[in-house]
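Participant: Structure in structure tokens, see below.
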Amino acid sequence: MSHIVTAIIQGIIEGLTEFLPVSSTGHLILSGDLMSFKGDKADTFEVFIQLGAILAIVVLYWRKYLSLLGIVKNEVSQEANGHSLNLGHIIVACLPAMAMGLVLNKVIKNYLFSPYTVLIGLVVGGVFMIYAERNAKPAKAQSMDGLSYRQALQIGLFQCLALWPGFSRSGATIAGGLLIGASYRAATNFSFLIAVPMMVAASGFDMLKSYKTLTASDMGYFAVGFVIAFIVALLAVVSFMKLLEKLKLSSFAYYRFVLAILFGIYLLVR
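Using our numbering, you'd call the opening residue of the sequence shown number 4 and step up by one each time.
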């Protein structure tokens, strides 16, 4: 299959799945397996186009990011616990997964980027999401501005689970947020907000390691995948935000189970 066609398909899949707790990386690995799009370049491509989808969050939350940088005033009022979201919350939430990803990068790429490990991640992540939903603590933080530094760090620790492809970064952070006393809305918005520095770091690190193996011809389909992922994500994000408010985590967990079963059957019979 043409790399351009593959890039378009992968870009659409990335844009549609990045903001749902179903694991965009897992979906890209599974679809890449179906299209025989594998190897180091495919792995780098999958990480790179995720950055395209993440840019949709920058567009959606541009005022919040500028307020975190002190460029514009944060118009969100503080909650009763006296906390207001700032750059420190983002830093403490991102550091655990960044550090662990840096240390385990080679292990993750060599052993976890396969359809079989993704299926495990889909199932285990789905079970975790159902558990979190059923055992959620009373919400002390109703919005992102109500999150404490401790809660931000705890969500960041849960984010480390998403280093296993298929587990889902948004699924891990939203579920983790519910377990430590964040509302569904607060955990979801914070999950989206910290996605930007996480994916910028991951994409930048991967490109620094892989750029020497890429050729000029690779840049074309990399750019196509990036742009498609950005456009699809930008169109989908508002609808998905509304969808996330209406559906429970368990709904996405059951979808993950069905996908794992169907693809597992495919792997057995192919």
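For each residue, glycine too, the CB sits at the ideal point set by N, CA and C.
From a predicted model like this one, the values you see are computed outputs, not experimental measurements.
Under three-state DSSP, which class holds ALA139?
Facilitator: Three-state result, ALA139: coil.
Participant: Could you check how far apart the C-beta atoms of VAL199 and ILE7 are, in whole angstroms? I think they sit under 8 Å.
Facilitator: Not confirmed; about 27 Å, so no contact.
Participant: Tell me the residue span of the alpha helix (DSSP H) that contains LEU54.
Facilitator: 43-63
Participant: Under 7 Å Cβ to Cβ from ASN192, same chain only, skipping five residues before and after it: list those, please.
Facilitator: MET147
Participant: Would you say ALA263 and VAL126 are within 8 Å of each other, going by their C-beta atoms?
Facilitator: Cβ atoms of ALA263 and VAL126: closer than 8 Å.
Participant: Less than 7 Å between C-beta atoms, sequence neighbours within five positions excluded: which residues of the same chain meet that for HIS275?
Facilitator: With the chain represented from 4 up to 273, any question about residue 275 goes unanswered, as that position is not in the structure.
Participant: Cα separation between GLY184 and LYS143?
Facilitator: 5 Å
Participant: Give the range of the alpha helix (DSSP H) segment to which ILE177 is assigned.
Facilitator: 172-182
Participant: Can you give me the C-alpha to C-alpha distance between MET222 and LEU250, rounded to a whole angstrom?
Facilitator: 38 Å
Participant: Could you give the C-beta distance for GLY179 and GLN157, rounded to a whole number, given that I count them as a contact under 8 Å?
Facilitator: 7 Å
Participant: Buried or exposed for ILE16, please, with buried defined as at least 16 other CB atoms from any protein chain shown within 10 angstroms of its CB.
Facilitator: buried
Participant: Whole angstroms is fine: what's the gap from LEU19's alpha carbon to TYR119's?
Facilitator: 22 Å
Participant: Using 8 Å for Cβ pairs, my map puts PHE170 next to GLY128. What's the rounded Cβ distance?
Facilitator: So it is a contact: roughly 4 Å between Cβ atoms.
Participant: Apart from the five residues just before and just after ALA56, which ones in its own chain have a Cβ nearer than 6 Å to its Cβ?
Facilitator: These residues qualify, in order along the chain: GLU17, GLY18, GLU21, ALA232 and ALA236.
Participant: Per DSSP, which one or two residues make a beta bridge with ALA144?
Facilitator: Here ALA144 is bridged, per DSSP, to ALA185.
Participant: What three-state label does DSSP hand LYS67 in the structure shown?
Facilitator: In the three-state reduction of the DSSP assignment, LYS67 falls in the helix class.
Participant: Between PHE161 and SER26, what straight-line distance do the alpha-carbon atoms span, to the nearest angstrom?
Facilitator: 15 Å
Participant: Answer yes or no: the CB of PHE161 versus the heavy atoms of the ligand ATP, is any distance below 7 Å?
Facilitator: The ligand ATP is absent from the structure shown, which contains no ligand whatsoever.
Participant: Under three-state DSSP, which class holds PHE40?
Facilitator: coil
Participant: With a cut-off of 8 Å on the beta carbons, I'd call PHE266 and LEU115 a contact; round off their distance for me.
Facilitator: In fact, because the Cβ distance is near 16 Å, the residues do not count as touching under 8 Å.
Participant: On the CB-based measure, 16 or more other CB atoms within 10 Å of its CB, does SER70 come out buried or exposed?
Facilitator: buried
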